[in-house]
Amino acid sequence: DGQTREHALLAFTLGVKQLIVAINKMDTANWSEARYQEIIKETSGFIKKVGYNPKTVAFVPISGFNGDNMVTKTDNAPWYKGWSREGKADDLKTPKEKTGFTLLEAIDSMEPPVRPSDKPLRLPLQDVYKIGGIGTVPVGRVETGVIKPGMVVTFAPANVTTEVKSVEMHHEQLPEGVPGDNVGFNVKNVSVKDIRRGNVAGDSKNDPPMAAASFNAQVIVLNHPGQIGAGYAPVLDCHTAHIACKFSELLQKIDRRSGKATEEGPKFIKSGDAAIVKMVPSKPMCV
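Each residue of the sequence shown is one higher than the one before, starting from 1 at the first, in full-length UniProt numbering.
And the structure:
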């Protein structure tokens, strides 16, 4: 019932498709093969319940404290023949078996996600700085689309529109920022008071972001005393925004692995349930 199960469930729910199970502290079990196999059996069971296919997962025995089997193959486990998992070839379509020994090799074997640079720009702000001699510099990670100098961006829900003067990453000027890049960009005639963490920047000419009056969310109740019904108002963390949102209507209970509806219009949900809920933010929020 520990944190590992919860983290696996959170990862799957948040859309993390690929998983590595690093079995740490093997030195404390004298690199026992029996213990390694026991942990594989147990973790395979619960990650399968969460929604992962254990055949696609590398199970890597390591000792982080001793740096063993992290970067170079361990000498402490003569029985260990390496990990193998079902993966995909470079085209990200053809099935391909991936094999290796170390944790680093398992990380390197992960298939890189397709970066959605063809979608409209969405850049949630992590912070906004005022830099002497330069001006206002919002900072955040490009989630979709591309940000370039000269572009006119709109910040939602602040409803501020301005031109991007420059884009930089790690103190180097960039011709553009693409999905996955953590960038800072200098904007014209905007005060640090006008925009803030939790705002979302987008291209003013291509489907700019807007505040949401309400939205539907998939909710999983990991642990909550008693039942939750309409009117419950937890604080929601959505990208970098941190805002109380009210459960205005419980639309349906769903199976958390398949996402299929199991009950329409439930009155309450409780620990272990997954549901689609209509949420209403307590103040302007861009989803």
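From the three backbone atoms N, C-alpha and C, an ideal C-beta is built for every residue, glycine too.
Fair warning: this is a prediction, and the values are worked out from it, not measured in the lab.
Of the other Cβ atoms in all chains shown, 16 or more fall within 10 Å of the Cβ of phenylalanine 185; this residue is therefore buried. Per the coordinates, the alpha-carbon of threonine 56 lies some 44 Å from the alpha-carbon of glycine 150. Of the other Cβ atoms in all chains shown, 16 or more fall within 10 Å of the Cβ of tryptophan 31; this residue is therefore buried. Considered as a whole, the segment 241-275 harbours 241-254, 261-264 as its complete beta strand (DSSP E) runs of no fewer than 3 residues, in chain order. Leaving aside the five residues that flank phenylalanine 247 on each side, the residues in its chain whose CB is nearer than 6 Å to its CB run, in chain order, Ala230, Tyr232, Val277. Residue state for leucine 123 is assigned as strand, using DSSP reduced to three classes. DSSP places alanine 34 in the uninterrupted alpha helix (DSSP H) bounded by 33-50. With a cut-off of 8 Å on Cβ pairs, the segment 162-173 is not in contact with the segment 110-119, counting fewer than three such pairs. The C-beta of tyrosine 52 has 16 or more other C-beta atoms within 10 Å across all chains shown, which makes the residue buried. Relative to glycine 272, the option among Glu264, Arg257, Val280 whose CA is nearest is Arg257. For isoleucine 107, the secondary structure class from DSSP, reduced to helix, strand or coil, is helix. Less than 8 Å divides the Cβ of isoleucine 147 from the Cβ of glycine 177. Contact annotation: alanine 22 and valine 60 have beta-carbon atoms nearer than 8 Å.
Boundaries of the beta strand (DSSP E) harbouring leucine 236: 235-238, taken from the DSSP string.
Cβ neighbours of isoleucine 243 within its own chain (closer than 8 Å, five residues either side excluded): Gly198, Val235, Leu236, Pro281, Ser282, Lys283, Met285.
Proline 113 sits in coil when the DSSP states are folded into three classes, being neither helix nor strand. A straight-line Cα-Cα distance of about 37 Å links lysine 205 and isoleucine 254. Residue pairing by DSSP places tyrosine 129 opposite Val137 in a beta bridge.
When beta bridges are read from the DSSP output, glutamate 86 appears opposite Glu97. Annotation: alanine 29 is outside any alpha helix (DSSP H) and is labelled neither H nor E by DSSP.
Taken atom to atom, the span from the alpha-carbon of threonine 4 to that of isoleucine 40 is near 13 Å. When Cβ pairs closer than 8 Å are counted between the two stretches, the segment 115-130 is seen not to touch the segment 82-100, the count staying below three. Contact annotation, lysine 73 with phenylalanine 101: C-beta distance approximately 4 Å; criterion of less than 8 Å satisfied. Judged by DSSP in its simplified three-state form, glutamate 163 adopts strand.
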